[in-house]
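Report on the following structure.
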């Protein structure tokens, strides 16, 4: 993106922000400096807790409830934001600095039409008359490549899809033609194929109006497409800053290098098994809720010591497949075989042995662990129940399991889940599944709620355990990088149907099914020119 | 009483509450072990004051015979004697000592309200947790039955049932416990519903856990906090209902001392500008306020809402 | 839009069913009376012959279903039977007093609803300020007071020696409007104090619940003023809970008048009911309970329908 004018728009010096924890104030942003020129796009990148959003909001002179800007200087176009009154700040917000939130679906007011929300800022700030704003909205909707730009504004948020809402929100941010827009993870909640359209539209409009932007994300490949320069943050402090090509090709700091290296973990693919009986076989399953079939004639096999990745976007039926296998949702047609024998469709009719051999690890470790039970009971219960372990034997087994998931038994055995980090909670989920000594584990998006480095650790652990205990995994994910890292075989799902399946090596080589092709090509790559080239290629293909 | 006098009283009361609340909080924080002290420090002055008063009520209720100068039912003087050295708060419409009856009533009224609430709670929360966990037709049956029972306003329903079974203490306890358990059921079911959809409950079901263990280990521990706070609210409600019924002459029956009926029996004094009948009413109000203040603090903490 | 009307129709049907079941419950009350109803009326000294005669007269020898249907039929024609105490028609007794009770409830509602909404919005706007804390503590206090305590304090304060308002509302049959407003002021004020506190707290809570929503943050980041954020962005989304609270409190006003009517000797339905419960005058109790329950069901029904209509997700389908 262009940096024609070198006029400085925003500077932050030694910015410090505190958050309230119990009684005390804790520093969450610890002295960050930042300079942004007119028309320049800065990418802020870091893991959760890095303080990205907090810094982005501080650029508007805004601190969330329970936070306060405690030190430093924020200058926006010659205005000292920290010295400005609340009403002076209000007249800047929405007019000269705008904000695009992570979830457009939650950030649009459900009670008002899109165009009313669009016109609010221009009319209230006295920039435009209402009728003028409405005409302008249509124009911007068109530039954001929204379908039916003349009509879409008269819909309520719940009548518009997520990707379109995110574009409408960017249009709304543009309404007063601000000098600066803060994009706070605008595509994180979207599927990869939708993400491309939104990224392209955002980049396009920011260029058209020569608007400066702060682009906040945790996704390196995304920020590589959007930003002129990148600042890496860790726990409220700056790690390093450089222009995008330099940052990608030659990061200086170890932390940045480790972030870059994350995607390199790749598991040796195991050769496909042909003749033995699969541990789990899904046979022509059709299932759904109410009158709607969510799954249509789904079949695939999972063999011992193999990982089958089930890939698809939201609504493709991945998780429903897991519910059918576990017996939570009896299928309308078809069946699930376990070691060649049909499993009862309803989990309540399955024997203890059948339940024991199919374990599950959940996406959100927070809701998957009973917050009132200690790790001893959380992990010990399956061992006690299925294997009849008691007393000393049980204690030894719990300690052994904690060792396996690389947590120090003496330190952790009597903790509550609330005393663990996100990654540690997920490890407890794994230990609980292992405690049953199963043959098969379903991993439902187990890494998608975790930061990249932590997710990497979980994947490595799962990999190690698979070899050690001859486990079969079904790995549900929407993230193709995870698939590359861990799968032996891949099942691609779309709208409840399997569109393609086979060994990983074949899946990532053309020729593809058209949908697989779309999915694969939509995953952002670390090359700053990737988006441009992809859009050109797609335009050429028509 | 003039408007200004009233205002002066109000200010005095507010200052008193703040002073007592502050002193109690400082005192308990100083003598409690660390984790407890940390929690107590978060108590607003109102809640702290509430705890003092609740404590006093409990002590008075337990040691009523030791504290009261006279017996509960004995006629010790003429009717409506004024306040003096023997009868600190005068005598009532039959010539019984007002102060003694006030003290005994703490035992009777609060005790009965407590038993009723406990009964309503056991009934309502067991049914509510069961309905949410088992689901299906049991849930449908219980929920529809509660819907119908709740379609009749509580006080009216209580009056209707009391007409049928007649007014006695036991009848009143049962009737109010039954009516109130419908409200507890609603809450317990709603709370449990939010827990039942959690992955850890699904995991327990898939593990093959039985119903008893699901409720006792997975659901109940997580539902306890809101249920305990609700217990306070329900207690207030039951307490006020019983007082209202007694005031209407349909609740706790003479000669048992009870605040609601004491107001009714002595209301005549009000016309002569004597505030004695307001004392039992005030006793009711004070306890309810205090419980509400403590519950409000607990609810606020539980919600974790840092406004 | 079509399926909203479907939902509303369904809700109406459910309301009718509820009323029906409530009528069965109230009817069954007589059946559950211990001992014989006719015996109960005539007392222990009655001869078996007179009891038998009365049983036939009351139709007690008929099967349960027949009696229920004829009872229901009578009610639908407006005949609620006769009082056991004085033989008067229950419909007439209720008719005379229903108006009084409704006027009193309306009087209190007319003050309480606007007052509590305003206070609730102001408390949400100035949350955590002294005003908010004071309003909250005061509201919690007034919720905790038994109605008769509030009533007596008001009498003491405003009606006692040299007071301005009458402590008895025992007015002649047809008061003029100004006389009604004057004489019923204290009971109405008592009711207002009790329900305002509750409504105010719920309004405040409903709004504050929403203040953590991303769309409220968005409105603030668009530079909108605090008042506009509350009124334009939070309030429309808090309508459903607020409507429910108003309905709940109006229902409470109609039934909660019982105690207040007794204190102020106000000639309404509540007084009638309390007198009849003491006398175990079943037909009157049944009649009054039916009226109260009917009003309650209707109010809840209206609230549900309004809440449905206030939700854009339901009104404007996909």
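Residue numbers (our numbering), protein chains in the order written: chain R, 3 to 544; chain Y, -2 to 304; chain X, 51 to 368. All C-beta atoms in this analysis are idealised placements derived from N, C-alpha and C, irrespective of residue type, glycine included. Bear in mind that the values here come from a model prediction, so they are computed numbers and not experimental data.
Item, Value
"Inter-stretch contact at 8 Å, needing at least 3 Cβ pairs: the segment 270 to 289 of chain R / the segment 81 to 93 of chain R", "no"
"Contacts around residue 127 of chain R, its chain only, beta-carbon distance under 8 Å, and the 5 residues preceding and following it disregarded", "93, 96, 97, 178"
"Member of Y:178, Y:268, Y:198 whose CA lies at the smallest distance from the CA of residue 232 of chain Y", "Y:178"
"Where residue 117 of chain X sits in the DSSP three-state scheme", "helix"
"9 Å Cβ cut-off: residues of chain R touching residue 218 of chain Y", "372, 373, 374, 375"
"Residue range of the unbroken alpha helix (DSSP H) whose run includes residue 398 of chain R", "393 to 406"
"Residue 103 of chain R: contacting residues in chain X (beta-carbon distance under 7 Å)", "264, 268"
"Chain-ordered neighbours of residue 143 of chain R on chain X, where CB pairs are closer than 7 Å", "Those within 7 Å of residue 143 of chain R in chain X number zero; the least Cβ separation is about 18 Å."
"Residues bridged to residue 132 of chain X [DSSP beta-bridge criterion]", "X:139"
"First through last residue of the beta strand (DSSP E) which encompasses residue 479 of chain R", "474 to 479"
"CA-to-CA distance, residue 66 of chain X to residue 57 of chain X, given in whole angstroms", "14 Å"
"Environment of residue 168 of chain R [buried if 16+ CB atoms lie within 10 Å]", "buried"
"Cut-off 7 Å between Cβ atoms - residues of its own chain near residue 98 of chain Y, not counting five sequence neighbours on either side", "69, 89, 254, 259"
"Residue(s) in a DSSP beta bridge with residue 101 of chain R", "R:184"
"Within 8 Å, strictly: CB atoms of residue 444 of chain R and residue 324 of chain R", "yes"
"Same chain only: Cβ atoms within 6 Å of residue 72 of chain X, ignoring 5 sequence neighbours per side", "343"
"Three CB pairs or more closer than 8 Å across the segment 122 to 132 of chain X and the segment 296 to 306 of chain X", "no"
"Minimum length 4: unbroken alpha helix (DSSP H) runs contained in the segment 90 to 139 of chain R", "106 to 109, 116 to 126"
"Burial state of residue 227 of chain X (16 or more Cβ within 10 Å)", "exposed"
"Within chain R, the residues that residue 124 of chain Y reaches when beta carbons sit closer than 8 Å", "None at all; the shortest Cβ gap to chain R is about 22 Å."
"Extent of the continuous beta strand (DSSP E) run through residue 22 of chain R", "10 to 23"
"Pick from R:501, R:500, R:508 that is closest to residue 491 of chain R, judged by C-alpha positions", "R:508"
"contact_flag[the segment 325 to 333 of chain X, the segment 283 to 301 of chain Y] where n(CB pairs < 8 Å) is 3 or more", "no"
"Run of the alpha helix (DSSP H) containing residue 158 of chain R, from where it starts to where it stops", "Neither: residue 158 of chain R is in no alpha helix (DSSP H) and is coded neither H nor E."
"CB of residue 52 of chain R within 8 Å of CB of residue 238 of chain R, strictly", "yes"
"Selected residue, minimal CA-CA separation from residue 468 of chain R, among R:487, R:441, R:486", "R:441"
"Other residues of its chain near residue 15 of chain Y: CB distance less than 6 Å, five sequence neighbours each side excluded", "42"
"Exposed unless 16 or more other CB atoms sit within 10 angstroms - verdict on residue 97 of chain X", "exposed"
"Cα-Cα separation between residue 213 of chain Y and residue 190 of chain Y, rounded to whole angstroms", "15 Å"
"Nonlocal neighbours in the same chain, by C-beta distance under 6 Å from residue 505 of chain R, ignoring five residues either side", "274, 491"
"CA-to-CA distance, residue 44 of chain Y to residue 191 of chain X, given in whole angstroms", "12 Å"
"Cutoff 7 Å; reference residue 348 of chain R; Cβ partners in own chain excluding five residues on either side", "329, 332"
"Residues bridged to residue 445 of chain R (per DSSP)", "R:363, R:477"
"Beta-ladder partner(s) of residue 290 of chain Y, from DSSP", "Paired residues: none, contrary to the question."
"Within 8 Å, strictly: CB atoms of residue 241 of chain X and residue 158 of chain X", "yes"
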